[in-house]
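Residue numbers (our numbering): 26 to 559.
Ideal Cβ placement from N, Cα and C applies to all residues, glycine included.
The next block holds one structure in the form of structure tokens; read it before the comments.
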Amino acid sequence: MRALAMYGTLASVGSLVLTALVAAPAGSAAPPASAEARGTALAAQRAAAAGIAFGACPTSEGLPAHVKCGTVEVPLDYADPTGRRISLTVSRARATGKPAARQGALVYNPGGPGASSMFFPMAGVLPEWKKTGAAYDLVGYAPRGVGRSAPLSCQKPSELVQAPSEAPTYPSHAYKQERIARAKAYADGCARRAGSALRHYTSLNNARDLDVLRAALGEKKLTFMGASYGTYFGALYATLFPSHVRRMVFDSAVNPAPGQIWYRNNLDQSLAFEGRWRDFRAWIAKHERTYHLGSTPDEVLASYEKVRAALAREPAGGKVGPGELQAALLSAGYYDDYWAMRATALSEYLKGNPKPLIEQASRRPESARDDENSKAVYTAVECNDAPWPTEWWVWDRDNSLLAARAPFETWDNAWMNLPCAYWSAPRQEPLDVGTGPGELPPTLILAAERDAATPYPGALELRRRLAGSVLVTERDAGTHGIGGGPNACVNRHLETYLLTGRTPVRRAECAPHREPNPVSLDERAVAKEPAPTV
């Protein structure tokens, strides 16, 4: 899944930018424990004995003094738990309430693959998280490969920030051949730099690492909240270790059906982004008096295409071309917090002022190392997790057909994932996620009905597969990651569940949060522009 890594109000406290162990069907006799299962149990036993020595965080983490950091060791290969080990970095803010009211540790993962939650303990200062932060130690961590946790990289970071770049809606044969060559080179770079370790960056190992972290924190059972990709390996965890689950929140759920992982999910994502792109354009059209980009979604699209064509001829500031524009607009498909900013940038550019667009869309050399690290982990995990088509004609056929219906994101999403067609490491067969009645305590699923990054059918599929799970839907809204965000109804359900374990009886619905207020540069003197969330 192509995903950004910050969700809901949590975005205000940090910035980032998601051999198989096959479980027996619910109710059947359990299979013999695999080598990985035995290795996980041994690693968890070691971690429980060692604990985590929390102390001052390295300056590079940028965390305040009340947040402490430590490490936990996990096996690189759970089938060989006495072999090579890697260290995962962990952050923690102690519960701020009375000791007698403490409920343990709440571990959070923001998705990716390739995202870190080291920032998460800072969420306790936000109003939406204050009661939860009083009851729980808030725990973040960098999954394997991310940040300082045995970091993975597949190319020089400087190669990632080369700009300006193209983003043709209907790529030519020559452009496709260029992207194939780049995908092959990236896959080769991953194999060359990581060597034999590459195969061990998987969602199943992320789930196993989570159980070792649970043990290291001294928790007999895990309280966990995962967003986006975090819901997928959270669901793997629930399937592998149902007796270790205390409470689990799945925010913006990935469709966990084995046939969806990951090729089909990415196609579905591209289709869903077309709908969200239209939502954004409809909002701009509603505020035509502010932005002057058109009074219908189609007129706004024409204005956007006018900007694209101009940037193709002459990149803004010499560094913002169609590729950078598309990436900036994609963020508006994730979060409507960006809508006013991005609409203003388009409007100002067409009025002859390119500065807002340059500020918002330029690639950042200072973040290149982190961005390449996230891309490398994303690629390794998704390519390792499941079979992918290995013949270019399959990709070309499927994405050409889809681009006719959903041109906004289809080809950029294909290029993001194309290294998986040329991957050298072994691919797994995805675990068939599922638990039977009584195997899990009640779990909570949160989903926005028009979420593009993790389309709503994924939440329905996860609810079907996890017996006893309850779905809370934010209707007619599309923000990706809604827990702790602007919807008070969603937040009440989340807080009630985390503090008491209670869920709605079967399902619940929340009205959409308020749409963003339109803001133009001319109006800033009288109307303060909302702060960006990332």
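Just so you know, the alpha carbons of E464 and A492 end up roughly 8 Å apart. Here the C-alpha atom of A212 lies approximately 37 Å from the C-alpha atom of A327.
Pairing R110 with G165, the inter-Cα distance amounts to about 20 Å. Pairing A62 with A241 gives a Cβ-Cβ distance that is not under 8 Å. For D276, the secondary structure class from DSSP, reduced to helix, strand or coil, is strand. The continuous stretches of alpha helix (DSSP H) do not include D362, and DSSP gives it neither H nor E. Beta-bridge partners of Y166 (DSSP): V115. Straight-line spacing of the CA atoms in K344 and E391 works out to 15 Å. Taking C-beta separations shorter than 7 Å and ignoring five residues to either side along the sequence, the partners of L496 in its chain run I470, A472, A484, R488, R532, following chain order.
In the three-state reduction of the DSSP assignment, T498 falls in the strand class. Distance from the CA atom of E486 to the CA atom of N134, rounded to whole angstroms, is 21 Å. Relative to the Cα of E98, the nearest Cα in the group V458, N231, C179 belongs to N231. Between E330 and the set R224, R452, P193, A446, the nearest pair of CA atoms involves P193. Contact check between the segment 282-293 and the segment 160-176: fewer than three CB pairs, one atom from each, fall below 8 Å, which does not count as touching.
In terms of Cα proximity to A334, the closest of S320, E349, L235 is E349. By the Cβ-count criterion, E384 is exposed, with fewer than 16 other Cβ atoms from all chains shown falling within 10 Å of its own Cβ. With contacts defined by Cβ atoms closer than 8 Å, T479 and A278 form a contacting pair. Residue range 313-316 is occupied by the alpha helix (DSSP H) that includes Y316. In the DSSP assignment, N134 falls within the beta strand (DSSP E) that extends over 129-134. Residue burial annotation: E339 is exposed, with fewer than 16 other C-beta atoms found within 10 angstroms of its C-beta. With respect to the 8 Å criterion, D361 and T504 are classified as neighbours on the basis of their beta carbons.
The Cβ atoms of R452 and N409 lie closer than 8 Å to each other.
Rounded to whole angstroms, the gap between the alpha carbons of G108 and P100 is 7 Å. Scanning the segment 144-223 for uninterrupted alpha helix (DSSP H) segments of 4 residues or longer gives 155-160, 182-185, 198-219, listed from N- to C-terminal end.
Below 8 Å, enough C-beta pairs join the segment 441-451 and the segment 206-223 to call them touching: three or more. Close CB contacts of D234 within its chain, under the 8 Å cut and outside five residues either way in sequence, are with V99, L113, P168, R169 (chain order). Pairing A74 with S399 gives a Cβ-Cβ distance that is not under 8 Å. Between the segment 170-179 and the segment 216-226 there are three or more C-beta pairs closer than 8 Å, enough to call the two in contact. The Cβ-Cβ distance between E407 and N438 does not fall below 8 Å.
In summary, R539 is exposed, with fewer than 16 beta-carbon neighbours lying within 10 Å of its beta-carbon over all protein chains present.
Put simply, of T96, A401, P466, L354 the residue whose alpha carbon is nearest the alpha carbon of F433 is L354. If you draw a straight line from the Cα of T528 to the Cα of F249, it comes to about 15 Å. Taking a C-beta distance under 8 Å as the contact criterion, A431 and L296 qualify as a contact pair. By the beta-carbon neighbour count (other beta carbons within 10 angstroms, threshold 16), Q351 is buried. Distance from the CA atom of L371 to the CA atom of R389, rounded to whole angstroms, is 20 Å. Collapsing the DSSP output to three states places I470 in a strand.
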